[in-house]
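Novice: Here you go, one structure.
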Amino acid sequence: MRDYYRLTLLGVSLLVGLVFSFYHLTIPRWLNESRYTPLALNQSSPSVAVDETIFYASRAREILDGHWWLNDVGIVEYKNTPSPFVGETVPAVILAGLSRLGGGVDSGFMLADFIFPGMVFILLSLLLRRLTDKPYLSLAGALAVMISYHYLASFPFLPSVLKQIIQVFNLGSYSHLIRSSHPQISLVIFLVWVSAYFKNKNYLWLGGLLGLLTYTHLFYWSFAFAWTVVGLSLALISREPQRAKTLGLSLVIGLALGLLYWLNLCWFYQLPQRPDFILNSWLATGWPFKSIALILLMLGLAKITVKNKILSQFWLSFFSTSLIIVTGSQILGLGFDDPIGHWLLRVIYPLTAVFGFNLLFNYLKRDNRYLALGLTLLLLGYQARLHWQYFKNQAPAFMIESERLELFDWLNKNTAKDSVVITAGLTDNLYLPVYTHNNVFIPQSQLTLAPTAEAESRFLIAQKIAGVSEAELKNMFKENAALKLIKRFDFDHCAGHYLYFRRFVGKDYYNCAIPKEKLTGLLDQYAKLEPGLTKYRADYWLGTTPIAFGKLLWENSKYKIYELP
């Protein structure tokens, strides 16, 4: 019986991996094209491709290029500057390893989509099994959690959820769990820690996992540390010395293992450009009252319905931590990094869904194997349909131009690692740190440690060399209502987002506009600027038209590369 369950668990996990990754094989066949990549930036690119390309693939490439201490991914002058990016080293290292194995960064992300959703499924299944002692129902429950947890963002509006379910069934949709780095890799490590926390494992194991989480993602390690403190407090109140000792020592070990990160963060906060970085990232969205109501409801249910002491402590400590995190962040004025809240989407909603199935399965008298397997296959089929519909409709968005591929190949073969390529095209500035070993000249606000004034200066210099008119420059800071409506970017003409991220638009994420006085200042600065090189390092010019200086090294039907004096 046990061997049958293990084989079933493994078999379903492989099917999960296929359902969450098959489109990497089918899109090139649907389009009869070999230029497919999950890391594409164009006006049709969905947010998953945008985020993975800009924020995560560039960090994996940094590791591949030998920069093991993550900091600025694009600007060579800031490669040794302390940064908070160190806190995402573990996912970057894992993706870099998969990229090495697959022969390219984009291949690494494809492999991740097969490997990590299956691992998440296994860990959720095992967690539910420990909570309910119903192994086969736990398979269906784990898959249901993976497919549905994001619907908790619509609480308490059930009609809205039903409308979404019908809509995505017809049009298709992609799962949040195809997002590599976070939640894929970080969630796997977090769920291992959650399982150890529930089983009250020895403090060395718990503390080691806490330390490892410190180098994954802010929203996972912060929740894990807070949960440990809450659990420690409850253990002290209920006079459980052994559990208090385990949690207390694990906290000390976790803090000690995270020391490099804490020191790096302290050094970062002493930098003069630190306020610029924070202002570009800052977003206060107001009190999430619906989410607080959901947490309070679950806290009450846990208190009333869960009679088992260990289960009760587990869930009460979880929902208490959730309440502290969500309300505390608002009281302290931290706001959310995203309108729906990363803590909610990455941690609270998934485990709240687990709690829901924990309650449901505990009220069922028996573990019906055949019913559970039938539901599991039905859920797999449902998710497969969603992915099939979505990626077949959106397939052209995942193409990259052959001229760009030729460009990347030439740069990788003919330029030195970490050499600097200056180009006015903002899309190319985003692509180069991903597909080549080169650095760029214009820093992207969320990836750089350069001061905003320097980023503005570099941007204007590149535009001046390219011969961009003031009218064209002004157009790069305008709102594109049509693209904003469908939540897409024209990357080359969205300098407001590139240079300032959320600083001027807040929740209006797809708005490229900046304040009138800021634009006037940039235009005045641009009018006085003379074309030519400056004190910033630049080794090659990349453009689509000739320039008056430098030596032409290579060109194709679209691009020209000049060696600069």
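Numbering (the working numbering), first residue to last: 1191 to 1755.
From the three backbone atoms N, C-alpha and C, an ideal C-beta is built for every residue, glycine too.
1. Helix, strand or coil: which one does DSSP assign to W1766?
2. Beta-carbon separation of G1308 and S1203 under 8 Å?
3. Measuring alpha carbon to alpha carbon, tell me which of F1681, N1583, G1733 ends up nearest V1358.
4. Whole-angstrom Cβ separation of A1250 and G1298, contact assumed at under 8 Å?
5. Taking the alpha carbon of G1396 as the reference point, which residue from P1431, N1360, S1423, K1435 has its own alpha carbon closest?
6. Counting only runs of 4+ residues fully inside the stretch 1215-1248, write out the alpha helix (DSSP H) ranges in chain order.
7. Three-state secondary structure (DSSP) at T1613?
8. For P1272 and N1558, I'd like the C-alpha separation in whole angstroms.
9. Pull up the distance between the alpha-carbon of L1439 and that of L1455, whole angstroms please.
10. Just reading off the alpha helix (DSSP H) that E1596 is part of, what are its end residues?
11. Taking 8 Å as the threshold, find out whether the stretch 1244-1262 comes into contact with the stretch 1591-1603 through three or more Cβ pairs.
12. My assumption, with CB atoms under 8 Å, is that G1531 sits in contact with S1481. Please give the rounded CB distance.
13. Would you call Q1432 buried or exposed, if buried means 16 or more other Cβ atoms sit within 10 Å of its Cβ?
14. Any contact between the stretch 1608-1617 and the stretch 1575-1592? By contact I mean 3 or more CB pairs, one from each, below 8 Å.
15. Going by DSSP, which residues form a beta bridge with V1630?
16. When the Cα atoms are used, what is the spatial distance from Y1560 to R1225?
17. Exposed or buried, which one is I1655 when buried takes at least 16 other CB atoms within 10 Å?
18. When burial is assigned at 16 or more other CB atoms within 10 Å of the CB, is W1757 buried or exposed?
19. Using 10 angstroms around the beta-carbon of S1328, count the other beta-carbons present and answer buried if the total reaches 16, otherwise exposed.
20. Confirm, please, whether the CB-CB distance from E1646 to L1712 is below 8 Å.
21. Quick check: what's the CA-CA separation for W1220 versus F1667?
22. When the Cα atoms are used, what is the spatial distance from Q1634 to L1449?
23. Specify, as a first and last residue, the run of the alpha helix (DSSP H) that Y1194 falls within.
24. Do E1593 and N1746 have their beta-carbon atoms positioned less than 8 Å apart in this structure?
25. Of the residues L1352, F1467, E1278, Y1341, which one's Cα is nearest the Cα of L1758?
26. Within the same chain, show all residues whose beta-carbon is closer than 6 Å to that of Y1580, passing over the 5 residues directly before and after it, in chain order.
27. Could you say which of I1468, K1725, F1479, L1394 lies nearest to P1641 if we only look at CA atoms?
28. What whole-angstrom Cβ distance do G1733 and K1708 have, given they're in contact under 8 Å?
29. Indicate the three-state DSSP secondary structure (helix, strand or coil) for I1751 in the structure shown.
30. Could you say which of Q1715, E1267, L1639, I1500 lies nearest to P1462 if we only look at CA atoms?
31. How big is the Cα-Cα spacing for L1541 and I1485?
32. Out of curiosity, what's the CA-to-CA distance linking V1610 and I1515?
33. For H1214, I'd like the list of residues in its chain whose CB is within less than 6 Å of its CB, leaving aside the five on either flank, ordered along the chain.
34. Cα separation between T1735 and K1748?
35. The beta strand (DSSP E) spanning Y1730 covers which residue range?
36. Report buried or exposed for N1701, applying the criterion of at least 16 other Cβ atoms within 10 angstroms of its Cβ.
Specialist: Inspection of the coordinates gives the following:
1. Residue 1766 is absent from the structure shown; the chain starts at 1191 and stops at 1755.
2. As a first step, residue 1308 must be located in the sequence shown, where it is residue number 118. As a first step, residue 1203 must be located in the sequence shown, where it is residue number 13. Yes; because the gap between Cβ atoms is below 8 Å, this pair is in contact.
3. Locating residue 1358 in the sequence shown gives position 168, where the first residue counts as 1. It is N1583 whose Cα lies nearest to the Cα of V1358.
4. The sequence position of residue 1250 within the sequence shown is 60, counting from 1. The sequence position of residue 1298 within the sequence shown is 108, counting from 1. Indeed, because the Cβ distance is near 6 Å, the residues count as touching under 8 Å.
5. Walking along the sequence shown from the start, residue 1396 turns up at place 206. Here residue 1396 turns out to be Leu, not Gly, going by the sequence shown. That would be K1435, whose Cα lies nearest to the Cα of L1396.
6. 1237-1241
7. Reading the sequence shown from its first residue, position 423 is the one you call residue 1613. When DSSP states are grouped into helix, strand and coil, T1613 belongs to the strand group.
8. Within the sequence shown, the letter at position 82 stands for residue 1272. Within the sequence shown, the letter at position 368 stands for residue 1558. Those two C-alpha atoms are separated by around 54 Å.
9. Here residue 1439 refers to the residue found at position 249 when the sequence shown is read from its first residue. Here residue 1455 refers to the residue found at position 265 when the sequence shown is read from its first residue. Approximately 23 Å, taken between the alpha carbons.
10. Translated into positions along the sequence shown, residue 1596 becomes position 406. That run of the alpha helix (DSSP H) goes 1592-1604.
11. no
12. Taking the first residue of the sequence shown as position 1, residue 1531 is located at position 341. Taking the first residue of the sequence shown as position 1, residue 1481 is located at position 291. Contact holds; Cβ gap of about 7 Å.
13. Here residue 1432 refers to the residue found at position 242 of the sequence shown. Here Q1432 is exposed. Its C-beta has fewer than 16 other C-beta atoms within 10 Å.
14. no
15. Here residue 1630 refers to the residue found at position 440 when the sequence shown is read from its first residue. Answer is V1611, bridged to V1630.
16. Looking up residue 1560 in the sequence shown gives position 370. Looking up residue 1225 in the sequence shown gives position 35. Whole-angstrom Cα-Cα distance: 43 Å.
17. Working through the sequence shown from its first residue, we reach residue 1655 at position 465. It is buried - the Cβ of I1655 has at least 16 other Cβ atoms within 10 Å.
18. Given that the chain is displayed from residue 1191 to residue 1755, the structure contains no residue 1757 and the question cannot be resolved.
19. The residue you call residue 1328 lines up with position 138 of the sequence shown. When all chains shown are included, S1328 counts as buried.
20. Your numbering for residue 1712 matches position 522 in the sequence shown. Your numbering for residue 1646 matches position 456 in the sequence shown. Contact flag set, yes.
21. What you label residue 1220 is simply residue 30 of the sequence shown in a count that begins at 1. What you label residue 1667 is simply residue 477 of the sequence shown in a count that begins at 1. Going from the Cα of W1220 to the Cα of F1667 covers about 36 Å.
22. Residue numbering aside, residue 1634 sits at position 444 when the sequence shown is read from its first letter. Residue numbering aside, residue 1449 sits at position 259 when the sequence shown is read from its first letter. Each residue's alpha carbon lies about 28 Å from the other.
23. In the sequence shown, counting from the first residue as 1, residue 1194 sits at position 4. Unbroken alpha helix (DSSP H) run through Y1194: 1192-1209.
24. Start at 1 with the first residue of the sequence shown, and residue 1746 comes out as number 556. Start at 1 with the first residue of the sequence shown, and residue 1593 comes out as number 403. Cβ atoms of N1746 and E1593: closer than 8 Å.
25. Because the chain here runs from 1191 to 1755, residue 1758 falls outside it and cannot be looked at.
26. For the purposes of this step, residue 1580 is identified with residue 390 of the sequence shown, where counting begins at 1. Only residues of its own chain outside the window of five on either side were considered, and among them G1362, S1363, Y1364 have a CB closer than 6 Å to the CB of Y1580, listed in chain order.
27. Taking the first residue of the sequence shown as 1, we reach residue 1641 at position 451. It is I1468 whose Cα lies nearest to the Cα of P1641.
28. Counted from its first residue, the sequence shown places residue 1733 at position 543. Counted from its first residue, the sequence shown places residue 1708 at position 518. At roughly 27 Å, the Cβ-Cβ gap does not stay under 8 Å, so G1733 and K1708 are not in contact.
29. Against the sequence shown, residue 1751 aligns to sequence position 561. In the three-state scheme derived from DSSP, where H, G and I count as helix and E and B as strand, I1751 is classed as strand.
30. Numbered from 1 along the sequence shown, position 272 holds the residue referred to as residue 1462. Closest option to P1462, Cα to Cα, is L1639.
31. To locate residue 1541, count along the sequence shown from 1; it is residue 351. To locate residue 1485, count along the sequence shown from 1; it is residue 295. Using only the alpha carbons, I get a separation of about 11 Å.
32. Here residue 1610 corresponds to residue number 420 of the sequence shown, with the count starting at 1. Here residue 1515 corresponds to residue number 325 of the sequence shown, with the count starting at 1. Rounded to the nearest angstrom, the two C-alpha atoms are 42 Å apart.
33. Taking the sequence shown and counting its residues from 1, one reaches residue 1214 at position 24. Excluding positions up to five away in sequence, the list reads M1300.
34. Looking up residue 1735 in the sequence shown gives position 545. Looking up residue 1748 in the sequence shown gives position 558. Spanning the two alpha carbons is a distance of roughly 9 Å.
35. The residue given as residue 1730 occupies position 540 in the sequence shown. Residues 1730-1733.
36. As a first step, residue 1701 is located in the sequence shown; it is residue number 511 there, counting from the start. So N1701 counts as buried.
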